[in-house]
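Read through the structure below, which is laid out as structure tokens, and then see the notes.
2 protein chains.
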Amino acid sequence: MVFDQIKKYYSNFIPMSDDDWNLLKPALRLVHLKKGEKLQSEGDICNDVTFCNKGLLKCYHIKDDKEYVEAFFTENEYLSDYTSFLLRIPGKLYIEAIEDCELVLLDYDTIQTFYSRVDNFQKFGRLMAEFLFIQISLRNNSLLFESPEKRYINFSKNRPDLIQRVPQYMIASYLGVTPEALSRIRKRLLS
Amino acid sequence: MVFDQIKKYYSNFIPMSDDDWNLLKPALRLVHLKKGEKLQSEGDICNDVTFCNKGLLKCYHIKDDKEYVEAFFTENEYLSDYTSFLLRIPGKLYIEAIEDCELVLLDYDTIQTFYSRVDNFQKFGRLMAEFLFIQISLRNNSLLFESPEKRYINFSKNRPDLIQRVPQYMIASYLGVTPEALSRIRKRLLS
DNA sequence: TTTACTTCTTGACTTAGGTCAAGAAATCAT
DNA sequence: ATGATTTCTTGACCTAAGTCAAGAAGTAAA
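So the protein sequences, as listed, match chains E and F. Be aware that the first sequence starts at 1, since it is given in the numbering used here, and climbs by one per residue. Be aware that the second sequence starts at 1001, since it is given in the numbering used here, and climbs by one per residue.
Below, the structure is given as structure tokens:
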């Protein structure tokens, strides 16, 4: 059923007893998003963490009328504007569907309640934050210590699915270069 | 006394009862490091989180014989090679004293024990990971979306203390540019 | 205070990526 | 299919940062 995927995802982090699950399940909300629709815009306080059942989304922010992609999210990935979510401040991010999406949402208040009531869930929160920290550390080092060319090579290796599904100009933005530069990098790599 | 600072630090994140503190205190280890000495080298599995009572350290890694500074840590800051610490894998980081340091260490096993035994501590772990996530997100965005010049200006604003205490070539590395480039940026900014 | 060492600055040159603009290729809608 | 729109490529030119090398300035040690 429609919440199976997120249940399995949670189970990767903590043992999820039937009791825990039955407590959590009623709080989950299923949301559908058409390509181009936004889950969140700049200025919103991010009030949910989102699990992607199906589809593809991008997180980006806008500066000087230009889009800067910070991350892509696809099947069985967990996403949110975590900074806004945690600090309860308006975020700078847009979250937008690149393909039609089926998403599962869980709101801030429910999560906080679960943190205090279910010890396992507190642990899940820790593991999740730790996991996100490691993820973003890797990206950090990549941006700081690797050339755009190397970043593109790695991205192709690690996310061949996204190379297929995401327009090149968005990938360029994600890698921190212009579309023109990425086009030239690709040309260089062919020869 | 010598553990007052870390107690206060913990108290910023969670209420720290006398019982909790008396449980934790015996596990804390005081370590002194002379300028130039290393707390950790590449290949080590990071086995402690470290709190800085006094002094100044840098985290860096080495690639093609060049040093890449990832972070500085000074009084009342918490540091570790968190990725190595969490995943229990050999790290790529060196952690080295830029000034003589007084440090408080807490080892992995103790922390894990406390996570499972003291509910408050589980929460501390979550809050800490969340905090580190937010920190590194900010740095991430700075590296990706700001010019070296902008990064230097912000760094000067946010950490005027480090501008004074850290040699310029290390700051250059931290900002992701060569010492020559930083020297020229500074020159540009004066005129 | 003289010497040695470290750190910082400057110059000359190279290069990768940015910007702007035009056109080609691919995709989508009718 | 056809035309419209979006996406990708290419060219020309510019600029900031990298590299290499030399020397100045600052700091520490004898």
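All C-beta atoms, glycine included, are put in the ideal place defined by N, C-alpha and C. Since the model is a prediction, treat every value here as computed from it, not as a measurement.
Counterpart residues of residue i in DSSP-defined beta bridges
i, result
"tyrosine 68 of chain E", "E:His61"
"cysteine 1052 of chain F", "F:Leu1103"
"threonine 1083 of chain F", "Paired residues: none, contrary to the question."
"phenylalanine 73 of chain E", "E:Leu57"
"glutamine 1040 of chain F", "F:Ile1095"
"tyrosine 1078 of chain F", "F:Phe1051"
Per-residue DSSP class, three states only, for residue i
i, result
"glutamate 1096 of chain F", "strand"
"lysine 187 of chain E", "helix"
"arginine 29 of chain E", "strand"
"lysine 1034 of chain F", "coil"
"phenylalanine 1003 of chain F", "coil"
"threonine 1178 of chain F", "coil"
"methionine 1016 of chain F", "coil"
"arginine 1117 of chain F", "helix"
"proline 1160 of chain F", "helix"
"glutamate 130 of chain E", "helix"
"serine 196 of chain E", "What is shown of chain E runs 1 to 191, which leaves residue 196 of chain E out entirely."
"arginine 1165 of chain F", "helix"
"arginine 1088 of chain F", "coil"
"isoleucine 153 of chain E", "helix"
"isoleucine 1045 of chain F", "coil"
Residue i burial status per 10 Å Cβ neighbour count (16 or more: buried)
i, result
"glutamine 1122 of chain F", "buried"
"valine 1049 of chain F", "buried"
"valine 1177 of chain F", "buried"
"methionine 1001 of chain F", "exposed"
"asparagine 1158 of chain F", "exposed"
"aspartate 1064 of chain F", "exposed"
"asparagine 140 of chain E", "buried"
"phenylalanine 1173 of chain F", "In the sequence under discussion, the amino acid at residue 1173 of chain F is serine, which differs from the phenylalanine named in the question. With 16 or more Cβ atoms within 10 Å of its Cβ, serine 1173 of chain F is classed as buried."
"leucine 33 of chain E", "buried"
"leucine 1190 of chain F", "exposed"
"isoleucine 14 of chain E", "buried"
Cβ-Cβ separation, residue j to residue i (assumed contact under 8 Å), whole Å
i, j, result
"leucine 97 of chain E", "glycine 43 of chain E", "Checking the sequence shown, residue 97 of chain E turns out to be alanine, not leucine. Actually they are not in contact, since the Cβ atoms of alanine 97 of chain E and glycine 43 of chain E sit about 19 Å apart, beyond 8 Å."
"phenylalanine 51 of chain E", "valine 166 of chain E", "Contact doesn't hold; Cβ gap of about 20 Å is too wide."
"proline 5 of chain E", "asparagine 76 of chain E", "It should be noted that the sequence gives glutamine, not proline, for residue 5 of chain E. Right, the Cβ-Cβ distance comes to about 6 Å (below 8 Å), so this counts as a contact."
"tryptophan 1021 of chain F", "lysine 1008 of chain F", "11 Å between Cβ atoms; not a contact."
"leucine 24 of chain E", "phenylalanine 124 of chain E", "Not quite, the Cβ-Cβ distance comes to about 10 Å (not below 8 Å), so this is no contact."
"asparagine 53 of chain E", "leucine 103 of chain E", "6 Å"
"serine 1142 of chain F", "isoleucine 136 of chain E", "Between isoleucine 136 of chain E and serine 1142 of chain F the Cβ distance is about 13 Å, and since that is not below 8 Å, they are no contact."
"arginine 126 of chain E", "alanine 1129 of chain F", "6 Å"
"glutamine 1040 of chain F", "aspartate 1081 of chain F", "6 Å"
Same chain only: Cβ atoms within 6 Å of residue i, ignoring 5 sequence neighbours per side
i, result
"glutamate 1099 of chain F", "Lys1035, Gly1055, Leu1056"
"phenylalanine 85 of chain E", "Cys46"
"arginine 29 of chain E", "Leu105"
"cysteine 1059 of chain F", "Glu1070, Ala1071, Leu1093, Ile1095"
"threonine 83 of chain E", "none"
"glutamate 1037 of chain F", "Ala1097"
"leucine 79 of chain E", "Thr50, Phe73"
"valine 31 of chain E", "Leu103, Leu105"
Same chain, Cβ closer than 7 Å to residue i, five either side skipped, listed in chain order
i, result
"tyrosine 1152 of chain F", "Leu1175, Leu1182, Ile1185"
"glutamate 1067 of chain F", "Tyr1060, Ser1173"
"proline 1090 of chain F", "Gly1043, Asp1044, Ile1045, Ser1084"
"tyrosine 1010 of chain F", "Met1016, Phe1124"
"proline 179 of chain E", "Gln168, Tyr169, Ala172"
"phenylalanine 3 of chain E", "Lys25, Leu28, Val104"
"threonine 1110 of chain F", "Ala1027"
Residues of its chain near residue i, where Cβ-Cβ distance is below 8 Å and the 5 sequence neighbours each way are ignored
i, result
"proline 1148 of chain F", "Leu1175, Gly1176, Val1177, Ala1181, Leu1182, Ile1185"
"phenylalanine 1155 of chain F", "Leu1162, Ile1163, Ile1171, Tyr1174, Leu1175"
"isoleucine 62 of chain E", "Glu42, Tyr68, Tyr94"
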